[in-house]
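Right, one structure below, let's go through it.
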Amino acid sequence: MEWLRLVPYWVYVALMMIGLYGAIARGNLVKKVIGLGLFQTGIFIFYISLAVVDGGTAPIAREGWEGPYTSPLPHVLILTAIVVSVSTMAVALALVIEVQRAYGTVEADELAALDAEGTEA
Amino acid sequence: MSHPDVPALVVVVPLLTGLLTALALRGRWAWAAATLSSWLVLALVLDLALAVQHAPGGVVSYALGGWAPPVGIEYRVDRLNAFVLVVVAVMGAVVTPGARLGVEAAVPADRLHLFWGVWQLCQVGLLGITITGDAFNVYVLLEIGSLTTYTLVAMGKHRDRRALTAAFQYLVMGTVGASFLLVGIGYLLQVTGTLNMADMAARLLEPETARASGRTIRAAFSLIAAGVCLKMALFPAHTWLPGAYAHAPAPVSALLASTATKVGVYVAIRFLYGIFGRELSFERLPTGPLLLVCAAVAILAGSLLACRQRDLKRLLAWSSVAQIGYMALGVGLASKAGLAGALLHLLQHALVKGALFLAVGALVWRLGAARTDDLGGLGRRMPWTAGVLTLGMLGLVGVPGTAGFVSKWYLVTAALEQGLWPVAVVVLVGSLLAAAYALKVIEPLWAAPEDLPPPAGAAAWGGRESPFSSLVLPGLVLSALSLGLGLGLGGPAQGLALAAAEDLVPARGGP
Chain A
0 MEWLRLVPYW
10 VYVALMMIGL
20 YGAIARGNLV
30 KKVIGLGLFQ
40 TGIFIFYISL
50 AVVDGGTAPI
60 AREGWEGPYT
70 SPLPHVLILT
80 AIVVSVSTMA
90 VALALVIEVQ
100 RAYGTVEADE
110 LAALDAEGTE
120 A
Chain B
0 MSHPDVPALV
10 VVVPLLTGLL
20 TALALRGRWA
30 WAAATLSSWL
40 VLALVLDLAL
50 AVQHAPGGVV
60 SYALGGWAPP
70 VGIEYRVDRL
80 NAFVLVVVAV
90 MGAVVTPGAR
100 LGVEAAVPAD
110 RLHLFWGVWQ
120 LCQVGLLGIT
130 ITGDAFNVYV
140 LLEIGSLTTY
150 TLVAMGKHRD
160 RRALTAAFQY
170 LVMGTVGASF
180 LLVGIGYLLQ
190 VTGTLNMADM
200 AARLLEPETA
210 RASGRTIRAA
220 FSLIAAGVCL
230 KMALFPAHTW
240 LPGAYAHAPA
250 PVSALLASTA
260 TKVGVYVAIR
270 FLYGIFGREL
280 SFERLPTGPL
290 LLVCAAVAIL
300 AGSLLACRQR
310 DLKRLLAWSS
320 VAQIGYMALG
330 VGLASKAGLA
340 GALLHLLQHA
350 LVKGALFLAV
360 GALVWRLGAA
370 RTDDLGGLGR
380 RMPWTAGVLT
390 LGMLGLVGVP
400 GTAGFVSKWY
410 LVTAALEQGL
420 WPVAVVVLVG
430 SLLAAAYALK
440 VIEPLWAAPE
450 DLPPPAGAAA
460 WGGRESPFSS
470 LVLPGLVLSA
480 LSLGLGLGLG
490 GPAQGLALAA
500 AEDLVPARGG
510 P
């Protein structure tokens with residue numbers, strides 16, 4: 000069952016690539032933000048998989064249990080990274096709202112066309 | 000002997016004053032708080048830099064919260080980051096007072112306290128990245144610096160809505176870059192089991208680590224290199240930069256151009272030399288040639304595109320792409336002289352670009368825009384601003400007597416030392432192209448005919464100089480600093496850069 004242990008890593012790579020594709024190839028700014036979200040979620044799964052120790056339990060000290068425990072460090076790191084990710088989403092969505100107000104659209108190609116007009120004028 | 004808590008205060012002071020500014024202060028008081036905080040930070044950083052000079056081994060280490068490294072988070076200041084900290088703090092302390100009028104023109108009065116709060120938080124991020132000795136800390140502070148930067152760039156929206164699309168593009172690329180860095184740090188954590196940079200470097204040197212996890216280390220290296228290139232805007236990951244600098248309010252461009260990408264260059268040096276080590280980065284992996292090619296393209300293409308711009312801010316932004324190329328060139332040469340050249344170029348470009356963007360800010364404040372077509376005869380109408388522009392442009396070219404000449408001299412010498420004459424040619428051609436776009440700015444300033452009508456939109460300003468003390472003086476200070484460096488008065492800075500380069504590339508027997 001060796002392959003089973005690698006499943007989280009495949010999920011992480013797949014999620015990251017789907018997210019990256021969305022962030023780069025999609026024309027709609029909201030979809031780009033969704034792509035970024037997926038991209039970062041993939042990384043969370045990667046870090047959580049790093050923490051696994053064979054036969055380990057949740058890292059909470061318990062009477063009569065000598066261990067092993069899973070490593071708490073990546074968990075803590077990823078809590079921080081989740082906060083960062085949420086803040087990024089907030090700033091990104093705020094920008095999208097402002098773009099919608101200023102341009103009346105959130106489609107990248109229409110925005111590019113409107114910006115090009117502005118340069119010639 | 001400086002107080003033992005100084006390293007923490009460098010980050011804590013702007014963090015607290017930034018939050019206080021956003022919550023409790025209004026209008027001009029918010030700006031005053033930002034200025035005071037930036038001066039306090041400069042004093043702390045200078046104190047710290049002196050302490051590093053006298054510390055045993057040239058390292059000041061601070062255990063945050065009393066938790067000893069490598070378990071706890073360590074702030075670790077050696078000669079390299081002392082140098083970069085001084086650059087960031089000096090730029091903050093000079094640009095912040097000079098930014099008031101430009102910001103008041105760009106941001107509505109009821110939002111000013113939030114702007115100045117975010118401005119200080121941006122400095123928290125930049126100073127924190129530079130001072131920390133913990134790899135995960137770098138990621139978190141990088142994101143603090145980046146999120147605030149996106150916000151500051153978007154503040155250009157009141158003058159030009161394109162600031163919004165530029166900020167969004169920057170956000171997408173910046174987040175992807177930071178995420179690559181995060182994954183790379185995760186791989187390093189997996190291989191070494193530590194996040195402390197010095198500890199990481201020591202464990203990566205162990206032969207069994209290298210044998211057992213060679214592939215993971217190479218993957219970590221590629222991911223981190225990609226992430227850092229995006230952050231420092233090295234070609235081909237530079238595409239966010241021209242839009243962001245061109246549409247942000249001019250004072251924001253002055254701060255970012257002189258500090259944000261410089262800190263990116265620092266992170267590159269720290270990871271390549273300080274963590275992976277020179278041997279892995281440059282002898283076992285082809286980083287050197289790759290960096291040199293990217294840098295050469297950045298220098299040539301950036302300078303060529305700068306020549307084609309008519310908007311001054313956009314011209315300066317493209318020239319920044321080229322100047323980052325020079326720094327990458329020095330990093331990629333992987334020799335002591337090359338690194339010293341990169342660090343000196345970092346310092347001189349921070350001073351020069353800061354001064355130039357401040358001068359452009361003074362033009363925008365008077366004229367509402369800064370286009371090369373509008374510069375005719377401004378040498379007579381706004382002599383101080385025009386003087387700062389001229390000196391800055393000459394510095395970008397690297398005319399002898401300016402600081403740009405000193406750093407480019409180091410770079411050319413370093414390239415010739417290794418027999419890489421094409422690199423020296425690239426530096427020279429880049430400087431010639433810089434001369435072309437510099438002339439485009441300098442020539443109309445001073446050589447326009449006497450009877451040239453004042454530029455459009457000039458009725459309101461009556462052809463006067465910008466307010467001296469608040470708009471012109473900071474630019475003059477930066478120009479003076481860069482001239483001093485060029486005329487050989489920059490001994491301490493040059494000594495620090497050379498010492499930092501020597502720490503990273505220890506002298507070895509033989510070539």
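So the protein sequences, as listed, match chains A and B.
For what it's worth, numbering that gives the first Met the number 0 labels the leading residue of the first sequence as 0, then goes sequentially.
For what it's worth, numbering that gives the first Met the number 0 labels the leading residue of the second sequence as 0, then goes sequentially.
Even for Gly, the Cβ is constructed at its ideal location relative to N, Cα and C.
Rounded C-alpha distance that separates residue i from residue j
i         : j         : result
B:Lys-156 : B:Lys-352 : 22 Å
B:Val-396 : B:Gly-487 : 18 Å
B:Gly-183 : B:Gly-367 : 44 Å
B:Glu-73  : B:Asn-80  : 14 Å
A:Trp-2   : A:Val-83  : 32 Å
B:Leu-14  : B:Val-139 : 14 Å
B:Trp-383 : B:Leu-362 : 11 Å
B:Ala-297 : B:Val-426 : 11 Å
A:Pro-73  : A:Gly-41  : 14 Å
B:Leu-343 : B:Gly-71  : 33 Å
B:Trp-66  : B:Asp-4   : 14 Å
B:Trp-239 : B:Gly-173 : 9 Å
B:Ala-437 : B:Arg-210 : 52 Å
B:Leu-35  : B:Ser-145 : 23 Å
B:Thr-193 : B:Ile-268 : 20 Å
A:Val-95  : B:Leu-279 : 42 Å
B:Val-10  : B:Leu-100 : 26 Å
B:Val-59  : B:Ala-435 : 45 Å
B:Gly-132 : A:Val-75  : 18 Å
B:Ala-33  : B:Val-117 : 10 Å
B:Ala-62  : B:Ala-7   : 9 Å
B:Leu-470 : B:Gly-394 : 20 Å
B:Val-428 : B:Phe-270 : 30 Å
Cβ neighbours of residue i in the same chain (closer than 7 Å, five flanking residues each side left out)
i         : result
B:Leu-388 : Leu-355, Ala-358, Val-440, Leu-444
B:Tyr-409 : Ala-336, Ala-339, Gly-340, Leu-343
B:Leu-345 : Val-86, Lys-261, Val-264, Met-326
Nearest-angstrom beta carbon gap, residue j and residue i [assumed within contact, 8 Å]
i         : j         : result
B:Thr-208 : B:Thr-191 : 7 Å
A:Ala-107 : B:Arg-160 : That pair is no contact at about 15 Å.
B:Pro-244 : B:Ala-256 : The amino acid occupying residue 244 of chain B in the given sequence is Tyr; Pro does not appear at that position. The pair is a contact, with the Cβ atoms about 6 Å apart (cut-off 8 Å).
A:Gly-18  : A:Leu-49  : About 19 Å separates the two Cβ atoms, so there is no contact after all.
B:Pro-248 : B:Gly-97  : Contact doesn't hold; Cβ gap of about 12 Å is too wide.
Own chain partners of residue i with C-beta closer than 8 Å, once the 5 adjacent residues on each side are dropped
i         : result
B:Gly-509 : In this prediction, B:Gly-509 scores a pLDDT of 35, lower than 50, which makes its location untrustworthy; no coordinate-derived value is stated.
B:Val-93  : Gly-353, Pro-473, Val-476, Leu-477
A:Ala-80  : Gln-39, Ile-42, Phe-43, Tyr-46
A:Glu-119 : For A:Glu-119, the pLDDT reaches just 44, beneath the cut-off of 50, and the residue's location in the model is therefore unreliable, leaving the point undetermined.
B:Leu-284 : Arg-217, Phe-220
With 16 other Cβ atoms within 10 Å as the buried cut-off, status of residue i
i         : result
A:Val-52  : exposed
B:Arg-75  : buried
B:Ser-37  : buried
B:Asp-198 : buried
B:Asp-372 : exposed
B:Ile-223 : buried
A:Val-6   : exposed
A:Leu-78  : exposed
B:Asp-77  : buried
B:Gly-176 : buried
A:Gly-103 : exposed
C-beta neighbour in chain E for residue i, strict 7 Å
i        : result
A:Gln-39 : In the displayed structure, chain E is absent; the protein chains listed are A and B.
Chain-order list of residues whose beta-carbon lies under 6 Å from that of residue i (same chain, five-residue window excluded)
i         : result
B:Ala-385 : Leu-377, Gly-378, Leu-444
A:Ala-91  : Val-32
B:Gln-322 : His-348
B:Thr-258 : Val-87, Met-90, Leu-125
B:Cys-293 : Leu-233, Phe-234
B:Ala-341 : Met-326, Gly-329, Val-330
A:Met-15  : Phe-38, Gly-41
B:Leu-497 : Ala-339
B:Ala-166 : Tyr-149, Val-152, Ala-153
Quiz item: Which of the residues in the stretch 172 to 184 of chain B, read from start to end, lie with their CB under 7 Å from any CB of chain A?
Solution: Closer than 7 Å at the C-beta level to chain A, one finds these residues of the stretch 172 to 184 of chain B: Thr-174, Val-175, Ser-178, Leu-181, Val-182.
Practice problem: Could you run through the stretch 113 to 147 of chain B and flag, in chain order, every residue whose CB is less than 7 Å away from some CB of chain A? | Solution: From the stretch 113 to 147 of chain B, only Phe-135, Val-139, Glu-142, Leu-146 have a Cβ closer than 7 Å to chain A.
Practice problem: Taking only beta carbons into account, state which residues of the stretch 26 to 51 of chain A come closer than 7 Å to chain B, listed in chain order. | Solution: The residues in question are Leu-28, Lys-31, Leu-35, Phe-38, Gln-39, Ile-42, Phe-45, Tyr-46, Leu-49.
Quiz item: Taking any Cβ of chain A, which residues in the stretch 154 to 168 of chain B have a Cβ under 7 Å from it, in chain order?
Solution: Contact annotation: in the stretch 154 to 168 of chain B, residues whose CB is within less than 7 Å of a CB in chain A are Lys-156, Arg-160, Arg-161, Leu-163, Thr-164, Ala-166, Phe-167.
Self-check item: the stretch 83 to 94 of chain A: positions lying closer than 8 Å to chain B by Cβ
Solution: Hits within the stretch, in order: Val-83, Ser-86, Thr-87, Val-90, Ala-91, Leu-94.
Practice problem: May I ask you to list, following chain order, the residues of the stretch 243 to 259 of chain B that have a beta carbon less than 8 Å from some beta carbon of chain A? | Solution: If the cut-off is 8 Å between Cβ atoms, the stretch 243 to 259 of chain B has nothing near chain A.
Quiz prompt | Chain-ordered residues of the stretch 70 to 96 of chain B with a beta carbon less than 8 Å from chain A | solution = For the stretch 70 to 96 of chain B, which is checked against every Cβ of chain A, not one residue is closer than 8 Å.
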